[in-house]
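Mapping of the sequence shown onto numbering that gives the first Met the number 0: position 44 corresponds to residue 43, and the numbering continues sequentially without gaps.
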Amino acid sequence: MDAAQRSWRIIRELVLDHDRRKAVADAFGLSFVRVKALRRLVDGPLTMRELAARLATDPPYTTLIVDDLEQRGLVARSVDPRDRRAKIVTVTEAGADLARRAEQLLDVPPAALRELPADDLAVLERVLSALRPPGS
């Protein structure tokens, strides 16, 4: 394995930290994918098809997610005026609040990262910034 592969594996392990996902899910009593759906909807309403694409879930599973979130009062569904066959999902105020609180939890860096010397953090930030896709 070369240095790029080793680095990518470490990044993946950090980003896909299931302990962090579990902590977020436990904090709100929702599966992580439901919290993720709310976080995707904060920026604006999405059609069910768009939401499924952003969650990387199939349409039937997306419907189950939205059904549950709707029953909890975290999202609302309406007919898309451009295509009456499609549904638009909008986050409610309660859902947006939950999404913001989830972001706050996810934004807390792991202890190992916090403990790095300032010089190492500066290098890491510079390298990661160089990897960031344009416009993000």
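A virtual CB, placed ideally from N, CA and C, is assigned to each residue, including glycine.
Inter-segment contact for the stretch 93-109 and the stretch 32-41 is present: three or more beta-carbon pairs are separated by less than 8 Å. Taking 8 Å as the cut-off, the Cβ atoms of residue 101 and residue 73 do not count as close.
A Cβ-Cβ distance of about 7 Å is found for the pair residue 105 and residue 19, placing them in contact under the 8 Å criterion. Sequence-distant Cβ neighbours of residue 58 in its own chain, meaning closer than 6 Å and more than five residues away, are 51. Each residue's CA atom was taken as its position, placing residue 134 and residue 80 some 30 Å apart. Going by C-alpha positions, residue 47 is about 6 Å away from residue 87. In this structure, residue 76 places its C-beta atom within 8 Å of the C-beta atom of residue 65. Following the DSSP letters along the chain, one finds residue 88 in no alpha helix (DSSP H) but inside the beta strand (DSSP E) bounded by residues 82-90.
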